[in-house]
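> Residue numbers (the working numbering), protein chains in the order written: chain A, -18 to 93; chain B, 78 to 194. Built from N, CA and C at the ideal position, the CB exists for glycine as well.
Have a look at this one:
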């Protein structure tokens, strides 16, 4: 089955700097890659996603890149703000199977 | 904006007891899920449900667990004979169908925190 790895497990950046979180997946049939943000005590919330037919997607300060050959995908946050501090989870899905598998998470701290 | 709702928000139970966690998915969604998150750890897939039957389940989802959609709106997770290690946040999620398959875009409820003593 699908296995999703995520690095780093913790990340601390200065406000205004960029943050990059990287994930790898094992199932080459996976074709949907969402990213979720989870604030302390809250539910995971979808912040951006990418499907396998594109290599990059951007939404304001957030971008995601996908390398299907290498089975890598990454989240890029530019101009970080303190409210970006949270745990970020990457995930992968092969849409013929109803099973979104999450990575272990990255705890991002943005220092004012 | 429509939301997935879950009850109870927190349940405390004694080891060995049965618990039922309830969820109301978003009304036009067709895929339903339960995930578990032990404090400070990853979000773990338990089970997915489509067309009134389980479509996928994980190794965690053993005979202790069952799911049901007893009416047109509720989706429940039953945990029989609870163990200490069942203590976790349980999230329900739902998603829309895409072109013949699941879009994968999960909408999560706020979670039910289960504490087993």
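Just how far apart, CA to CA, sit residue 75/A and residue 9/A?
Cα to Cα, residue 75/A sits roughly 9 Å from residue 9/A.
> By a C-beta neighbour count over all protein chains shown, 10 Å radius and 16 as the cutoff for buried, is residue 12/A buried or exposed?
When all chains shown are included, residue 12/A counts as buried.
> Do residue 159/B and residue 117/B come within 8 Å of each other at the CB atom, strictly closer than that value?
Result no, Cβ atoms of residue 117/B and residue 159/B do not sit closer than 8 Å.
> Of all the CB atoms in chain B, is at least one closer than 8 Å to the CB of residue 69/A?
It does not: the Cβ of residue 69/A has no partner Cβ on chain B nearer than 8 Å.
> Verify the CB distance criterion: does residue 167/B have a CB-CB separation below 8 Å to chain A?
Judged by the 8 Å Cβ criterion, residue 167/B is not in contact with chain A.
> So with CB distances below 7 Å, who are the chain A contacts of residue 171/B?
The premise fails here: residue 171/B is roughly 11 Å from chain A at the closest Cβ pair, so nothing lies under 7 Å.
> Among all the DSSP beta bridges, which residues are the ones paired with residue 67/A?
Residue 67/A is bridged to 89/A.
> Give me the subset of the segment -18 to 7 of chain A whose CB atoms are less than 8 Å from a CB atom of chain B, sorted by chain position.
Going along the segment -18 to 7 of chain A in chain order, one finds no residue with a Cβ nearer than 8 Å to chain B.
> In the DSSP assignment, find the unbroken beta strand (DSSP E) run with residue 112/B in it and report its ends.
Start and end: 108 to 114.
> So, does the CB of residue 181/B fall closer than 8 Å to a CB anywhere in chain A?
Residue 181/B counts as touching chain A.
> Is the beta carbon of residue 87/A less than 8 Å from the beta carbon of residue 2/A?
Yes.
> What are the start and end residues of the beta strand (DSSP E) that includes residue 35/A?
No beta strand (DSSP E) contains residue 35/A, which DSSP labels as neither H nor E.
> Using a beta-carbon distance cut-off of less than 7 Å, what residues from the segment 114 to 125 of chain B approach chain A?
Cβ contacts with chain A come from 119, 120, 122 and 125.
> Express the C-alpha separation of residue 53/A and residue -15/A in angstroms, rounding to a whole number.
Rounded to the nearest angstrom, the two C-alpha atoms are 10 Å apart.
> Which same chain residues end up closer than 8 Å to residue -4/A when comparing Cβ atoms and leaving out the 5 residues on each side of it in sequence?
Cβ within range, chain order: 61, 62, 63, 91, 92 and 93.
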